[in-house]
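K.L.:
Numbering (this note's numbering), first residue to last: -15 to 405.
Dumping the structure here so I can ask a few things about it.
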Amino acid sequence: MAKISVTDQEALDYHEFPQPGKISVETTKLVKTQKDLSLAYTPGVAVPCLAIEKNPEDAYRYTAKSNLVAVISNGTAVLGLGNIGALASKPVMEGKGVLFKSFSGLDSFDIEVDTESIDRFCSVVSAIAPTFGGINLEDIKAPECFEIERRLVEELNIPVMHDDQHGTAVISAAGIINACKITHRKIENLKIVVVGAGAAAISCARLYRHLGVKTIYMLDSKGVIHSGRSDLNDFKREFCAVKYMTHSEVFVGADVVVGLSSPGSFCIADIKLMAENPIIFTLANPTPEIFPNDVREARPDAIIATGRSDFDNQVNNVLGFPFIFRGAMDVRAKKINIEMKVAAAKALAELAKKEVPEYLNELYGKKIKFGKDYIIPKPFDKRLVVEISSAVALAAIESGSSDKKDFDIDAYKEELKKRIK
């Protein structure tokens, strides 16, 4: 795929014209007559208000709650930009709203909360939660993001997910599942090295472990995380090696490396130590730890993924969050649990193995077929909303996160197909 470059001025013009920003609010009811006005507002609006007062669940019947997601950030860990603050994060949050709408049909409001206090942030989100059917937390730095998500998941009875953690985990897990199929490996026998120990890295390692991976080594900026270190937080301690090992030693015979750190945090010498047919995910963005061409030159037997759109096998969170929230919200799940994330990962993996529609071949200018260069579905695959959302919805019901009765998954898939344009 040819590299697509965007100049700074093009990006600024895109956001400024023909009107500032990327989102707007549309009405779903006409207001053209006096009767319309009386139904939309006073006196007619009092009727659903009183109905909701008697039965709060009626908010899903009479308001936009069931299709409305909050995209909430404090701007402390924005893309590769770091702590740029709440206001400067707004273009990203608006962008997330564009993706929700474009890929899953969910509406959203972006909300930038100007605080780094865990208590204040959680208080704000809890107070406004009745407005929404789901809460997408975004670009909040570790380790605060873990505590913020934990509190909000416990306090609220609507789906809450910090996408920076779980989106990367779900998509990369799908890639690893398919890479194992191609290289004839079993998940439980993998030796995985995770380079990085932030929000995404911890969540990825947790999900890999839930899938059955027994051997995971994690490295942070100070080296291998091991039980002899006294500088570790509780989250890093989950992945302590029993004894001290050097950076190079953990790479010897490793099947998988997942880079979630910064350029150069592992190198060619490291991947040369890995097992045959290594699975190498260099997910630092926009500059990967090692560029794919350099990986391929050193290890032509490797399966490679990055976080970039100009290389094959992009680990792109847009493959996850729109459809995870769609499925969760459609069955009124109270939480997005581990079973729902696993279901999303497995559904993504299965979709990549199916024959690719011709429109995708035309869009990407080549014949796409399951194999080393295609282990993860493309973001513009119109089947995603059907396959991923339905898998998540079913997992929510089977795991008890949703109380929905008489769920007809085939009928739900047909309903989702109508969203495909």
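Where a beta carbon is used, it is the ideal one built from N, C-alpha and C, also for glycine.
Compute the Euclidean distance between the alpha carbons of T230 and K206, then round it to the nearest angstrom.
P.N.:
Numbered from 1 along the sequence shown, position 246 holds the residue referred to as residue 230. Numbered from 1 along the sequence shown, position 222 holds the residue referred to as residue 206. If you take the alpha carbons of T230 and K206, they lie about 11 Å apart.
K.L.:
For E260, collect the residues of the same chain with a Cβ closer than 7 Å to its Cβ; drop the 5 residues on either side in sequence, then sort them by chain order.
P.N.:
By one-based count along the sequence shown, residue 260 stands at place 276. Once the five neighbours on either side are set aside, the close Cβ partners of E260 are D285.
K.L.:
Given G28, which residues of its chain have a CB within under 7 Å of its CB, disregarding the five upstream and five downstream residues?
P.N.:
Along the sequence shown, read from residue 1 onward, the residue named residue 28 stands at position 44. If we look at G28 and ignore the five residues flanking it on each side, its Cβ neighbours are S22.
K.L.:
Can the beta-carbon of V236 be found less than 7 Å from the beta-carbon of L257?
P.N.:
The count along the sequence shown starts at 1 and reaches residue 236 at position 252. The count along the sequence shown starts at 1 and reaches residue 257 at position 273. Yes, the Cβ-Cβ distance between V236 and L257 is below 7 Å.
K.L.:
Nearest-angstrom Cα distance between L83 and V326?
P.N.:
Here residue 83 corresponds to residue number 99 of the sequence shown, with the count starting at 1. Here residue 326 corresponds to residue number 342 of the sequence shown, with the count starting at 1. L83 and V326: Cα-Cα distance of roughly 22 Å.
K.L.:
Rounded to the nearest angstrom, how far is the Cβ of H194 from that of I322, given a contact under 8 Å?
P.N.:
The count along the sequence shown starts at 1 and reaches residue 194 at position 210. The count along the sequence shown starts at 1 and reaches residue 322 at position 338. Contact holds; Cβ gap of about 6 Å.
K.L.:
Nearest-angstrom Cα distance between I166 and A253?
P.N.:
For this step, residue 166 is matched to residue 182 along the sequence shown. For this step, residue 253 is matched to residue 269 along the sequence shown. Whole-angstrom Cα-Cα distance: 24 Å.
K.L.:
Using alpha carbons as the reference points, say which of G243, K337, I132, K198 lies closest to E222.
P.N.:
Working through the sequence shown from its first residue, we reach residue 222 at position 238. It is K198 whose Cα lies nearest to the Cα of E222.
K.L.:
Counting beta carbon pairs with one atom in the region 104 to 112 and one in the region 134 to 149, are three or more of them shorter than 8 Å?
P.N.:
yes
K.L.:
Using beta-carbon positions only, say whether S110 and V179 come within less than 7 Å of one another.
P.N.:
Along the sequence shown, one-based indexing puts residue 110 at 126. Along the sequence shown, one-based indexing puts residue 179 at 195. In this structure, V179 does not lie closer than 7 Å to S110 by Cβ.
K.L.:
With a Cβ-Cβ cutoff of 7 Å, do I264 and I255 count as a contact?
P.N.:
Indexing the sequence shown from 1 puts residue 264 at position 280. Indexing the sequence shown from 1 puts residue 255 at position 271. In contact: I264 and I255 (Cβ atoms closer than 7 Å).
K.L.:
Which residue marks the beginning of the alpha helix (DSSP H) containing Y201, and which one marks its end?
P.N.:
Locating residue 201 in the sequence shown gives position 217, where the first residue counts as 1. Element bounds for Y201: not the alpha helix (DSSP H) but the beta strand (DSSP E), 199 to 204.
K.L.:
Tell me which residue opens and which closes the alpha helix (DSSP H) that I393 is part of.
P.N.:
In the sequence shown, residue 393 corresponds to position 409, counting from 1. Looking at the DSSP string, the run of the alpha helix (DSSP H) that includes I393 is 393 to 401.
K.L.:
Got a sec? Which residues, its chain only, sit under 7 Å from G212 by beta carbon, not counting five neighbours each side?
P.N.:
Locating residue 212 in the sequence shown gives position 228, where the first residue counts as 1. Taking G212 as the centre and dropping the five residues before and after it, the same chain places the C-beta of Y228 closer than 7 Å to its C-beta, in chain order.
K.L.:
Round the Cβ separation of V55 and N120 to the nearest angstrom and send it over; I've been treating them as touching at under 8 Å.
P.N.:
For this step, residue 55 is matched to residue 71 along the sequence shown. For this step, residue 120 is matched to residue 136 along the sequence shown. Indeed they touch by this definition, with Cβ atoms about 5 Å apart.
K.L.:
Give, in chain order, every unbroken run of the alpha helix (DSSP H) that is at least 4 residues long and sits entirely within the region 60 to 132.
P.N.:
74 to 88, 102 to 112
K.L.:
Look at Y201 and V234 and say whether their C-beta atoms are less than 7 Å apart.
P.N.:
Residue numbering aside, residue 201 sits at position 217 when the sequence shown is read from its first letter. Residue numbering aside, residue 234 sits at position 250 when the sequence shown is read from its first letter. Yes, they are a contact pair.
K.L.:
Quick one, are the C-beta atoms of A377 and V315 less than 7 Å apart?
P.N.:
For the purposes of this step, residue 377 is taken as residue 393 along the sequence shown, with counting starting at 1. For the purposes of this step, residue 315 is taken as residue 331 along the sequence shown, with counting starting at 1. For A377 and V315, yes; Cβs fall inside 7 Å.
K.L.:
Measuring alpha carbon to alpha carbon, tell me which residue in N300, P143, L34 is nearest N269.
P.N.:
Locating residue 269 in the sequence shown gives position 285, counting from the first residue. The shortest Cα separation from N269 among N300, P143, L34 belongs to N300.
K.L.:
In chain order, what residues of the same chain lie with their CB nearer than 6 Å to the CB of H146, ignoring the 5 residues before and after it?
P.N.:
Here the question's residue 146 lines up with position 162 in the sequence shown. Correct list, in chain order: L121, C129, E133.
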